[in-house]
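Colleague: Going down the list, the sequences are from chains C and B.
Letter 413 of the first sequence, counting from 1, is numbered 454 in the working numbering, and no numbers are missing.
Letter 398 of the second sequence, counting from 1, is numbered 773 in the working numbering, and no numbers are missing.
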Amino acid sequence: MKLDINMKQLLSAVDVPAQWVGLREVYEAHTPRMIRDGVPVANGRAFTHGIMVEVLVNGQFGYYGTPNMTSEGIASAAKKAYQQAEIASHHANHQFDESARPSHIGSYASPFTKDRESLSAGNLNDILLEAYNHLKVSNKIVSASSLCQVIESSFRFVSSNGSDINQEFLMFEFDLSATAADGTNQQTRTFGGMRGTCKQMGMEYFDKYEILANANRIGEQAIELLTADDCPTGEMDAVIAPDQMMLQIHESIGHALEVDRILGDERNYAGWSFVKLEDFGKLQYGSKLMNITFDPTLESEFASYAYDDGGLKASKEHLIKDGLLVRGLGGQESQIRSGLNGVANFRASNWNRAPIDRMANINLEPGNSSFDDLISQVEYGVYMESNKSWSIDDYRNKFQFGCEYGKLIENGKMTKTVKNPNYRGISNPFWRSLKGVGNVDTFGIYGTPNCGKGEPNQVIRVGHASPTCLFENIQVFGGV
Amino acid sequence: MEQIFNQLSESLFSELNNGENLILSFDGEKSQFIRFNHAKVRQTGLVDDADLGLKFISNNRSVHGGFTVSGNFDIDIARGKSEIIRMRLEAQEIPEDPFVVFPKNAGSSHEIKLANSLPFENAIDALLPAMSGMDFVGIWANGNMFRGNANNLGQKHWFETESFSLDYSLVTPEHQMVKGSFAGNDWNQGEYESYVKRSRGKLSLMERKPVKIDTGKYRTWFESAAVSDFLGMFSWNGISEASLRQGCSGFGRMRHDDIRLSPKFSVIEDFSPGFCPKFNSNGEVSTEKLSLIENGELKNTLVSSRSAKEYGVESNNAESGEYLRSPYMASGNLNQNNVIGEIGKGLYLSNIHYLNWSDNAGGRITGLTRYACFWVENGEIVAPIETMRFDDSFYNFFGERLLEVEDKSSVNPEVETYGGRSLGATTCPGILVDDFSLTL
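(1) With C-beta atoms as the reference, is residue 471 (chain C) less than 8 angstroms away from residue 412 (chain C)?
(2) Going by the beta-carbon positions, is the gap between residue 293 (chain C) and residue 410 (chain C) smaller than 8 angstroms?
(3) Tell whether a beta-carbon distance below 8 angstroms holds between residue 466 (chain C) and residue 515 (chain C).
(4) Could you give the residue range of the alpha helix (DSSP H) that holds residue 120 (chain C)?
(5) List, in order along the chain, the chain D residues whose C-beta lies closer than 9 angstroms to that of residue 628 (chain B)?
(6) Is the beta carbon of residue 691 (chain B) closer than 8 angstroms to that of residue 673 (chain B)?
(7) Expressed to the nearest angstrom, what Euclidean distance is found between the alpha-carbon atoms of residue 39 (chain C) and residue 493 (chain B)?
(8) Alpha carbon to alpha carbon, how far is residue 311 (chain C) from residue 494 (chain C)? Give it in angstroms, no decimals.
(9) What do you reckon, are the CB atoms on residue 180 (chain C) and residue 217 (chain C) nearer than 8 angstroms?
(10) If you draw a straight line from the alpha carbon of residue 59 (chain C) to that of residue 138 (chain C), how long is it in whole angstroms?
(11) Quick check on DSSP: helix, strand or coil for residue 600 (chain B)?
(12) Once the 5 residues before and after residue 394 (chain C) are set aside, which same chain residues still bring their CB inside 8 angstroms of it?
(13) Return no unless some Cβ of chain C is closer than 8 angstroms to the Cβ of residue 454 (chain B).
(14) Pair every Cβ in the region 298-317 of chain C with every Cβ in the region 452-466 of chain C, then say whether three or more of these pairs are closer than 8 angstroms.
(15) Write down the C-beta distance between residue 812 (chain B) and residue 587 (chain B) rounded to the nearest angstrom, noting that I regard them as a contact closer than 8 angstroms.
(16) Against chain C, which members of the region 631-652 of chain B pass a CB distance test of less than 7 angstroms?
(17) Expressed to the nearest angstrom, what Euclidean distance is found between the alpha-carbon atoms of residue 133 (chain C) and residue 188 (chain C)?
(18) Using the beta-carbon of each residue, which ones in chain C are nearer than 8 angstroms to residue 543 (chain B)?
(19) Using 10 angstroms around the beta-carbon of residue 424 (chain C), count the other beta-carbons present and answer buried if the total reaches 16, otherwise exposed.
(20) If you measure from the beta carbon of residue 101 (chain C) to each beta carbon in chain B, is any gap under 8 angstroms?
(21) When burial is assigned at 16 or more other CB atoms within 10 Å of the CB, is residue 268 (chain C) buried or exposed?
(22) Report the neighbours of residue 793 (chain B) on chain C: residues whose CB is nearer than 9 angstroms to its CB, in chain order.
(23) Would you tell me roughly how many angstroms separate the C-alpha atoms of residue 279 (chain C) and residue 340 (chain C), rounded to the nearest one?
(24) Within the 8 angstroms Cβ cut-off, does residue 439 (chain C) reach chain B?
(25) Measure the Cβ-Cβ separation of residue 646 (chain B) and residue 663 (chain B) and say whether it is below 8 angstroms.
(26) Measure the beta-carbon distance from residue 379 (chain B) to residue 428 (chain B) and round it to whole angstroms, keeping in mind my assumption that it falls under 8 angstroms.
(27) Just to make sure I have the definition right: I need the residues of chain B whose C-beta is within less than 8 angstroms of the C-beta of residue 88 (chain C). Which are they?
(28) Would DSSP call residue 378 (chain C) helix, strand or coil?
(29) In this structure, what does DSSP give as the bridge partners for residue 505 (chain C)?
(30) So the candidates are C:48, C:295, C:109, C:223; which of them puts its Cα closest to the Cα of residue 504 (chain C)?
(31) Report yes if the CB atom of residue 637 (chain B) is closer than 8 angstroms to the CB atom of residue 624 (chain B), and no otherwise.
(32) Quick one: grab the DSSP three-state call for residue 159 (chain C).
(33) Check the Cβ of residue 473 (chain B) against every Cβ in chain C and list those closer than 7 angstroms, keeping chain order.
(34) In three-state terms, what does DSSP make of residue 471 (chain C)?
(35) For residue 439 (chain C), which residues does DSSP report across the bridge?
(36) Measure the beta-carbon distance from residue 228 (chain C) to residue 263 (chain C) and round it to whole angstroms, keeping in mind my assumption that it falls under 8 angstroms.
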């Protein structure tokens, strides 16, 4: 049950002597369904609905997040936000003006052909239950689950300088998971790693037969891993699939290029960055095969949109071109503070949080190599799929990743399956070891619903698309 | 807030038909947030937020709902009634759940902690002078938090507290950092200024040129904050009964192979300090103290009522996610004054960062050093270290390689604010460990 809110009327109810006023309404409903071990464990729907009132006073922004969306509620919220901003303005980190919130009028809607209600709770439970049955290929599958969470989100932004933006999103997260165990030997296989399969599209995605085929494969691969040898340890080549590349991009490029991090805002929480303001236009981030884009236009990718939460219009931009760092992930505030070119990435997790610099869709553009070309270049190495473990330092340098499923590569051919494939490295040297980039046939679109950052903390959706890639001389290792 | 919750509860329970059950959970806050960078205000604002969660049970089906509480009764009751209608219809479509947890009336509770807090309008003037001349970055959170639970059988719980936290870092010109977290209920300006003064004192040690150390195994001291982060991993594919049964717990070797940790290692879930409510989202109340690991032996896992039904074991009224809410680790014999001497040659780590299971079945955890971490030689601090990655198993560092446990436990308050401000704290001592593995 979504209330219809007259945002322009609410804006006119604000009566404070601010330089600028903005109202950002967010309505978001989550509808999760999950079958685990043959029984339903989640069925429901919950929504959040409120308005962030933001005012600019003496160059300092102040905000008040409120669920009271009446004229009186918004007027009161604006007064309290004004008081916060006025007091803080005497100690402002930066003095902004109205240019920090550019004026735009426009709209966006997720592309889809079937809305949420086209697939009933009963029908979706039936598909998920059947998927569970296909995951449980053996009694050694000790637990299996199938889940889908549909997300419907509406965003409306109006401001005293004329912005009027309306964006409507339909998205989902989908996963299949099978855990095989034999004593304390336990292996889990999923559909794209930690909820990596998340897209901005409708229920047309849910092709039952494709889902069941994938469920069967995942169950069988979990069993296969139980008897597989551990991943070898040593310095060797690694061929990395898109559903792991997405987290490699996220952790060692995306976060490192967030300009608010570089400016130090995140030093107490998510951390700083090895990238410095003076590195833009100069730092050879990786090999010449490396082309990284901020792309809010890629259809079906999780974090596509037309405007960010500060009202800036979004467009596709290169962040790294031919390996050279050319642009940062900084919204309008960060661009003003740093003097750097940026992108429209000033985003908030909800109506109760202020926007900060976030990733959206950060992608590695396809190259020219076929999958077979990449494998054939490897004398001895490991092919890795699907993230299961991730960690990186507060400067975004020393990372370590673990994957679910590996294949040994010997003399240019994939041979046996290996379990617990892990690798570690340091961001710049790692990206400079990029030796091969797969073509569009190897390209996969993934994302994550759980990117955490900010104080107060915010979790946000991001998309990452990448081809399969080959890296040379990487530190690879297995389990205990 | 309590009145709003009571009114909504009463009205929504009256909407139920025979054979239907409803559990309501309330989660709200009225908070101030001020974000600082370079000892200036980066962002500031207030948030009023409250959500009502609904768990509807009918015909052995369970459906949940939830909505933002606006504070306007007419809007909120309309939202609630609409949710009940939707859940009632959905319960006719979905498969039966043989392990559905029904509500009970096991008694109600009411706990309100009023505090002498710092008025919102005074926060900046109270906080910033003590940070004068420092590169200070962090987050101030202040205000009321509300938790409620009620069911149609008449059980009702209410928990309300007022608290503050300043979670911060002080940074040297060479980018070395010290962490501080000043939290409580009653604001005391003198205590705050003394706390910051101690942080400033630690920062002076960071002015020495950092040393780069090699990968390898080191005798290592972890301060309480670092131990708290390790214990936090037990809440994620760790001490949960469901995780063990589903083959994704690092505790499998303790359960299946009777592997034991060090006799010096004991952990309980302890609700007695009142850091968070004793009731969970089903309205079930935990015992005040639950032994989990006693002298290295796994005594109990966290068991929710659902896991109890599914796996035929007894519930200890854990939250449905079976995570730790108020863990307490027993102290030992090592006095803080003797720590550097006991290290002799090795590492002193105040904080660790970005932990993850690198081999869950083997109990192996990877992460990084962060903040005030030092190289120690000849029983003296030599210098801060450059950031290092570690990768080691808790079966080692809480097991046979656990040398000593500090004689005092410290409270590490929960300061996360994802979605809303969190409640709870981890109380634990520091530990001295042998042969801890640094890998990068």
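Note that CB positions come from ideal geometry on N, CA and C, so glycine has one too.
The structure presented is a predicted model; accordingly, all values stated were derived computationally and were not measured.
Modeller: According to the structure data:
(1) no
(2) It is not a contact, given that the beta carbons lie outside the stated cut-off.
(3) yes
(4) For residue 120 (chain C), the enclosing alpha helix (DSSP H) covers residues 112-129.
(5) Of the protein chains in the structure, C and B, none is chain D.
(6) no
(7) The shown model of chain C, from 42 to 521, leaves out residue 39 (chain C), and the question about it has no answer.
(8) 6 angstroms
(9) no
(10) 11 angstroms
(11) helix
(12) 93, 106, 495, 497, 499
(13) It does: the Cβ of residue 454 (chain B) has a partner Cβ on chain C nearer than 8 angstroms.
(14) no
(15) Actually they are not in contact, since the Cβ atoms of residue 812 (chain B) and residue 587 (chain B) sit about 17 angstroms apart, beyond 8 angstroms.
(16) Here the close residues are 631, 632.
(17) The straight-line gap from Cα to Cα measures roughly 46 angstroms.
(18) 309
(19) buried
(20) yes
(21) Counting Cβ neighbours within 10 Å, residue 268 (chain C) comes out exposed, since fewer than 16 surround it.
(22) 390, 493, 497, 498, 499, 500
(23) A straight line joining the alpha-carbon of residue 279 (chain C) with that of residue 340 (chain C) spans about 29 angstroms.
(24) yes
(25) yes
(26) About 14 angstroms separates the two Cβ atoms, so there is no contact after all.
(27) 441, 442, 443
(28) helix
(29) C:487
(30) C:295
(31) no
(32) helix
(33) 80
(34) helix
(35) C:467
(36) 6 angstroms
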